[in-house]
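Worksheet: the structure to be examined is printed underneath.
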Amino acid sequence: MPCGLLAAHVPPYCAASLGRWLLPLRIDAGWPDRKTVNRGRTPRMPQPNQPPSRRAIIAGGSMGGLYAALCLRRAGWSVDVYERSPIPLVGRGAGIVTHPEMREGMARLGIDASRDFGVPIETRCVLARDGREIARRPYPQIATSWNRLFAMLREALGDAAYHLGREITGVNEAEGAVTVRFADGRSETADLLVAADGFRSSLRAHVCPGVEPTYAGYVAWRGMIDERFASPALSPDLFACFAFVLPPAEQFLAYPVAGPGNDLRVGHRCWNIVWYRPADETTELPRLLTDNTGKRHEVSIPPPLISKAVLADLRRAIADLLPPQVQAAMAHLDQPLLQPIYDFATPRMATRRIALIGDAAFVVRPHVGAGVTKAAEDAAALAEALGAEPDVPAALAAFEARRKPMGDLFVARARHLGAHLKRFYANEAERLAAARNADPMYAMSETAQLDFLREMPQFAT
């Protein structure tokens, strides 16, 4: 699939979740007390020490569900993953910034991420509107693609435990088990149900009824540009950077990822772009989500249906706000994807037999760049809690006590980083915070990194 074709054939709920790696606490609510972040360290993976006598049903076959299945199976559980989509979750094209914690977790699962995992990035830079580089700093990272990471996890799990086209429509939680009902009329019973069904989770209501993700006030335009088309406009040095452009109340960023087929060769990669732009919920957002036929879409709109008028506005904004070399590269963005940004912090992560992980529990705005890492560590912590405590309800209580403060911290951190993405500020404190976030050095230093966690004693131990 060409780099520019993003999730065109994926059902709307799949495209909306964009690999389920997205996003709250009020902006003025402050940060969670770091003392409450219970053991933020990376969970240790329990070793298999018992026969697979306990069974887990995992709802959701994307990243979080695969991590949960692999962690629990390694801990001795029998697992089955049920994905509601009838077609394979491939072709989404999203770029992912990785962290050492993610790669270490994969190694504990026996997955080798040391070779052909992604594109090494050594530096970050900021461009002015006229194309000049105005800031630069070293920050080594590896950028991979959603497809590459998903394929590695999917291969590790195998086919026998992975079931497409199985939508869970009902749940009955009993004293010693949990039973799920599927849309096709069948049912399954297990010791544990893991809800890893993403930011639009249908199972969240069984754990915390009446709470849903909240619109953050801005959208992200996303896309991939083939290196063959981007490179004439971009210098090799710029293409290799994690690049930022900072128009007023907006943020554009781009970095290289593997091309189709996980091609890492120079000239065959893609330039992954993300552009955050304010969009009022009552006026602008409905217009963005209305297609050429006048139909209003909820939450997301399939890329091929984005209206011609909206795309024309996007092209004008590119010409008005982005540097010349970025404009030239963006001319080859054939089919951008529109992602309204939402966030959410669950008041609970578990009942007696149901656990929420990943975006089903905490929808974190993308600025932290750790949605997949967070889901992986949720899964590892769940497996560790179940390995340490044979009583499932007690284990889930321990899991929630450990991971909920960390999820709250991620949500607050992302809100903090996105606080400037609005056209109007309620008070002077908001205006000053926005000025700080728009500072080039601050944007480079704080976006898509986990240093803020590594500096915490709870995380380092």
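In our numbering, the protein residues as written are 1 to 461.
Yeah, the Cβ is synthetic: ideal placement off N, Cα and C, and Gly gets one too.
Small disclaimer: the values here were computed from a predicted structure and weren't measured.
Here residue 286 really is in contact with residue 296; their C-beta atoms are around 6 Å apart, less than 8 Å. Residue pairing by DSSP places residue 271 opposite 225 and 256 in a beta bridge. The criterion of a C-beta distance shorter than 7 Å is not satisfied by residue 350 and residue 284. Residue environment analysis places residue 432 among the exposed positions, since fewer than 16 neighbouring C-beta atoms fall within 10 angstroms of its C-beta.
Pairing residue 448 with residue 203, the inter-Cα distance amounts to about 29 Å.
In this structure, the CA atom of residue 189 is about 27 Å from the CA atom of residue 404. Under the three-state reduction of DSSP output, residue 332 falls in the coil class, being neither helix nor strand. DSSP places residue 440 within a helical segment (H, G or I) once states are collapsed to three.
Around the beta carbon of residue 426, a 10 Å sphere encloses fewer than 16 other beta carbons of the protein chains shown; the residue is thus reported as exposed.
Segment contact: the stretch 440–454 against the stretch 356–372, three or more CB-CB distances shorter than 8 Å; contact assigned.
In this chain, residue 208 is not harboured by any beta strand (DSSP E), its DSSP state being neither H nor E. Assignment of beta-bridge partners to residue 276 by DSSP yields 220 and 251.
For residue 94, the closest C-alpha among the options 259, 112 and 88 is that of 259. With contacts defined as CB atoms closer than 7 Å, residue 195 and residue 70 fail to qualify as a contacting pair.
Taking the Cα of residue 280 as reference, the smallest distance to any Cα among 429, 218, 249 and 301 is reached at 218. For residue 122, the enclosing beta strand (DSSP E) covers residues 119–127. Nearest to residue 159 by alpha-carbon distance, out of 125, 328, 130 and 82, is 82.
For the options 54, 111, 264 and 334, the alpha carbon positioned closest to that of residue 156 is the one of 111. Taking 7 Å as the cut-off, the beta carbon of residue 213 is found closer than this to the beta carbon of residue 363. Residue 98 is not bridged by DSSP to any residue.
By the neighbour-count criterion, in which 16 or more other beta carbons inside 10 Å mark a residue as buried, residue 98 falls on the buried side. The stretch 249–264 makes no contact with the stretch 374–381: fewer than 3 CB pairs, one atom from each, lie closer than 8 Å. Within the same chain, 131 come within 6 Å of residue 324 by CB-CB distance, once the 5 residues on both sides are set aside. Distance from the Cα of residue 205 is smallest, within the candidate group 231, 170 and 229, for 170. Within the same chain, 249, 419, 420, 422 and 425 come within 8 Å of residue 434 by CB-CB distance, once the 5 residues on both sides are set aside. Note: residue 163 is bridge-paired with 82 in the DSSP secondary-structure output. DSSP places residue 263 within a strand segment (E or B) once states are collapsed to three.
Residue range 371–388 is occupied by the alpha helix (DSSP H) that includes residue 375, with no beta strand (DSSP E) assigned at that position.
Under the three-state reduction of DSSP output, residue 299 falls in the coil class, being neither helix nor strand. At a Cβ-Cβ threshold of 7 Å, residue 267 and residue 227 count as neighbours.
In the assembly as shown, residue 346 is a buried residue. Its beta-carbon has 16 or more other beta-carbons within 10 Å. Residue 427 carries a coil assignment under DSSP once its states are collapsed to helix, strand and coil. For the options 106, 104 and 335, the alpha carbon positioned closest to that of residue 225 is the one of 335. For residue 455, no alpha helix (DSSP H) encloses it, and the DSSP letter there is neither H nor E. For residue 393, the three-state secondary structure derived from DSSP is helix. The shortest C-alpha to C-alpha distance from residue 233 to any of 59, 84, 117 and 331 is the one to 331.
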